[in-house]
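Terminal number for the sequence shown in this note's numbering: 1184, no gaps in between. Just so it is clear, CB atoms sit at the ideal spot from N, CA and C, and this is done for glycine as well. Below: one structure, written as structure tokens.
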Amino acid sequence: MKRAVAVDIGSPEGGPRTVADAVHQRLRADLMGGRYSPGEALRLEPLMARYGCGISPLREALNRLAADRLVRAIGQRGFQAAPVTLAEMWDVMRLRQKLEGEALAGSIEGGDARWESEILAAFHRLAKAPPPGHDRADPDSWERSHRDFHAALISACSSEWLLHFIGILYGHTERYRRIRFERTMPRKLVRDVEAEHRALMDAVLARDKRRALKLLTDHLEKTANFIAREFAAAEAMEAAPRRRGRAAA
């Protein structure tokens, strides 16, 4: 059986090795955390001042983020934070369901006792982290624990390319989820996400591949539906002042 390997989906591997690596990690974290709004221009001089770097490492970092579609290059006009759309979100989630399902199936077939213990440890850390919407929630801490749990589930997959592409997709899912929380929180969550994760873990550890794949697909579908509802809520909030303005006129 295959031992679990260190997999950090949705985030750079290891610490920064160059100035460009450091800028890439910090800028990526700021994009994921919502510091830059979707579609916002990323102007070079303010970015150099914020990240304490020169133009060359900054451009390298921006080009790497553009390759992962977190940043968009706009011809000669520079860069912008990637826009978000409902259609893209569904596209990302459908691909995650397929690719993550394949990686999970491979891990169930090949994972060993070390892999199982990593899943248990990751779930324990996730269960201890207050989720978004909780009074004591730390979004960064919960997101790290959530990412680590999903990474542990598929860490016995033998395809590094598959894990690489899942990491890119996971990062986009995380960005969509966090942007929606920032725009419409506070809201009461109607899902018991911890119960979903526990059921998924139990099925995986029982090597019940069919049930585990269904639970993973359903879990991601619920996340996509939640984000879609938050899109609708955000659009309604943004449209209300315009309607009031037209009525007053």
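Below 8 Å on the Cβ atoms is my contact criterion, and I expect residue 1129 with residue 1062 to pass it. Report the Cβ-Cβ distance as a whole number of Å.
Counting from 1 along the sequence shown, the entry for residue 1129 is found at position 194. Counting from 1 along the sequence shown, the entry for residue 1062 is found at position 127. Contact flag correct, Cβ pair sits at about 6 Å.
Per the contact definition of three or more C-beta pairs closer than 8 Å, is the segment 1036-1054 in contact with the segment 1088-1106?
yes
Consult DSSP for residue 1091 and reduce its assignment to one of helix, strand or coil.
For the purposes of this step, residue 1091 is taken as the residue at position 156 of the sequence shown. Three-state result, residue 1091: coil.
Could you have a look at residue 1164 and say whether DSSP puts it in helix, strand or coil?
To locate residue 1164, count along the sequence shown from 1; it is residue 229. Of the three classes helix, strand and coil, the one that applies to residue 1164 here is helix, per DSSP.
For a test of the three-state rule: what should DSSP assign to residue 1064, helix, strand or coil?
One-based indexing of the sequence shown puts residue 1064 at position 129. In the structure shown, residue 1064 sits in coil (DSSP, three-state: anything other than H, G, I, E or B).
Which of the three DSSP states, helix, strand or coil, is assigned to residue 1115?
For the purposes of this step, residue 1115 is taken as the residue at position 180 of the sequence shown. Helix at residue 1115.
Residue 1011 classed as buried or exposed, judged by whether at least 16 other C-beta atoms fall within 10 angstroms
Locating residue 1011 in the sequence shown gives position 76, where the first residue counts as 1. Exposed, by the Cβ-count rule.
Nearest-angstrom beta carbon gap, residue 1155 and residue 1147 [assumed within contact, 8 Å]:
For the purposes of this step, residue 1147 is taken as residue 212 along the sequence shown, with counting starting at 1. For the purposes of this step, residue 1155 is taken as residue 220 along the sequence shown, with counting starting at 1. Actually they are not in contact, since the Cβ atoms of residue 1147 and residue 1155 sit about 13 Å apart, beyond 8 Å.
Compute the distance between the beta-carbons of residue 1171 and residue 1024, then report whether it is under 8 Å.
For the purposes of this step, residue 1171 is taken as the residue at position 236 of the sequence shown. For the purposes of this step, residue 1024 is taken as the residue at position 89 of the sequence shown. For residue 1171 and residue 1024, no; Cβs fall outside 8 Å.
Selection from 1026, 1098, 1089 and 1058 that minimises the alpha carbon distance to residue 1081:
Start at 1 with the first residue of the sequence shown, and residue 1081 comes out as number 146. Ranking the options by Cα distance to residue 1081, first place goes to 1058.
With distances taken between CB atoms, is the gap from residue 987 to residue 1018 smaller than 8 Å?
Residue 987 sits at position 52 when you count from the first residue of the sequence shown. Residue 1018 sits at position 83 when you count from the first residue of the sequence shown. Cβ atoms of residue 987 and residue 1018: not closer than 8 Å.
Option in 1032, 953, 1139 and 1049 with minimal Cα separation from residue 991:
If you number the sequence shown from 1, residue 991 lands on position 56. Cα-wise, what sits closest to residue 991 is 953.
Pull the bridge partners of residue 1006 from the DSSP assignment, please.
Locating residue 1006 in the sequence shown gives position 71, where the first residue counts as 1. Beta-bridge pairing links residue 1006 to 1016.
Leaving out the 5 sequence neighbours to the left and right, which residues in its chain are closer than 7 Å to residue 1162 when beta-carbon positions are compared?
As a first step, residue 1162 must be located in the sequence shown, where it is residue number 227. These residues qualify, in order along the chain: 1024, 1111, 1112 and 1115.
Straight-line Cα distance separating residue 1107 from residue 1027:
Reading the sequence shown from its first residue, position 92 is the one you call residue 1027. Reading the sequence shown from its first residue, position 172 is the one you call residue 1107. When rounded, the separation of the alpha-carbon atoms in residue 1027 and residue 1107 is 7 Å.
How many angstroms separate the CA atom of residue 1133 from the CA atom of residue 1143?
For this step, residue 1133 is matched to residue 198 along the sequence shown. For this step, residue 1143 is matched to residue 208 along the sequence shown. About 14 Å.
If I measure Cβ to Cβ from residue 958 and keep anything under 7 Å in the same chain, skipping five residues before and after, which residues do I get?
For the purposes of this step, residue 958 is taken as residue 23 along the sequence shown, with counting starting at 1. Correct list, in chain order: 986, 988, 992, 993 and 996.
Got a sec, what are the start and stop residues for the alpha helix (DSSP H) residue 1035 sits in?
As a first step, residue 1035 must be located in the sequence shown, where it is residue number 100. First-last of the alpha helix (DSSP H) with residue 1035: 1021-1045.
Around the C-beta of residue 980, are 16 or more other C-beta atoms found within 10 angstroms, so that it is buried, or is it exposed?
As a position in the sequence shown, residue 980 is number 45, starting the count at 1. Burial call: exposed.
Helix, strand or coil for residue 1141? Go by DSSP, reduced to three states.
Mapped onto the sequence shown, residue 1141 falls at position 206. Looking at residue 1141 - three-state DSSP - the assignment turns out to be coil, as it is neither helix nor strand.
Cα-Cα, which of 971, 970, 964 and 1003 is closest to residue 1099?
For the purposes of this step, residue 1099 is taken as residue 164 along the sequence shown, with counting starting at 1. Among 971, 970, 964 and 1003, the Cα nearest to that of residue 1099 belongs to 1003.
Could you give the residue range of the alpha helix (DSSP H) that holds residue 981?
Counted from its first residue, the sequence shown places residue 981 at position 46. 979-986 is the extent of the alpha helix (DSSP H) around residue 981.
Could you say which of 1052, 1021, 1009 and 964 lies nearest to residue 1167 if we only look at CA atoms?
Along the sequence shown, read from residue 1 onward, the residue named residue 1167 stands at position 232. Ranking the options by Cα distance to residue 1167, first place goes to 1021.
Within 8 Å (strictly less), CB to CB, does residue 1056 reach chain B?
In the structure shown, chain B does not exist; there is a single protein chain.
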